[in-house]
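Asker: Oh and the sequence shown: position 116 is 121 in the numbering used here, straight run, nothing missing.
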Amino acid sequence: MSDLSGHWDGTYAYPAALKPIPFHLELRDTGGGLTGEVIEPAPEYLPPGEMAAVVTGKRDGSSVRFTKIYDSLEHFLDPVHYDGVLDEEECEISGTWTIGPGWSGTFVMTRPKTEEAEQEAEVEEEVEIDR
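Below you can see the structure in the form of structure tokens.
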């Protein structure tokens, strides 16, 4: 299992007909312990701009869980809990988020493939071609 540290881009979706929200996450993975910072656009009912949040969590195998707490507690009091699964290439995490007892949706976040992963994919392609 490789280190999940780095820049991740993602979106989270609401259960209703609301637009998905993009976000950027700078993630640090220290032996499976996760910390990081999120930047995302402010919702339409707030003045235009960006919102910041911090995340803390853990990964265990392909399971990734973290909690997001917004810097501005004025509008967002409840933490957001994310529960996701890391794909085999370790470049995508997808799953669900929940806030409180009745608000939830889905999320997906991706990062560029590492050079090592790209080289492994190229070797696999070469092996398949040679068969």
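All C-beta atoms in this analysis are idealised placements derived from N, C-alpha and C, irrespective of residue type, glycine included.
With DSSP as the reference, label P106 as helix, strand or coil.
Answerer: Along the sequence shown, one-based indexing puts residue 106 at 101. DSSP places P106 in coil when its eight states are reduced to three.
Asker: Can you tell me whether R116 is helix, strand or coil according to DSSP?
Answerer: Numbered from its first residue, the sequence shown carries residue 116 at position 111. The answer is coil: DSSP assigns R116 none of H, G, I, E or B.
Asker: I need the DSSP call for L23, collapsed to helix, strand or coil.
Answerer: The residue labelled residue 23 in the question sits at position 18 within the sequence shown. Three-state DSSP puts L23 in coil, outside helix and strand.
Asker: Between H86 and P106, what straight-line distance do the alpha-carbon atoms span, to the nearest angstrom?
Answerer: Taking the first residue of the sequence shown as 1, we reach residue 86 at position 81. Taking the first residue of the sequence shown as 1, we reach residue 106 at position 101. If I take the Cα positions, the gap works out to 11 Å.
Asker: Looking at the secondary structure, which residues open and close the beta strand (DSSP E) in which D88 lies?
Answerer: Taking the first residue of the sequence shown as position 1, residue 88 is located at position 83. V85 to L91 is the extent of the beta strand (DSSP E) around D88.
Asker: Could you give the residue range of the beta strand (DSSP E) that holds H80?
Answerer: Here residue 80 refers to the residue found at position 75 of the sequence shown. That residue, H80, is in no beta strand (DSSP E); it is neither H nor E in DSSP.
Asker: Quick one, are the C-beta atoms of L91 and R64 less than 8 Å apart?
Answerer: For this step, residue 91 is matched to residue 86 along the sequence shown. For this step, residue 64 is matched to residue 59 along the sequence shown. Contact: yes.
Asker: With DSSP as the reference, identify every bridge partner of G15, one or two as the case may be.
Answerer: The sequence position of residue 15 within the sequence shown is 10, counting from 1. For G15, which the question treats as bridged, DSSP gives the partners F28 and M114.
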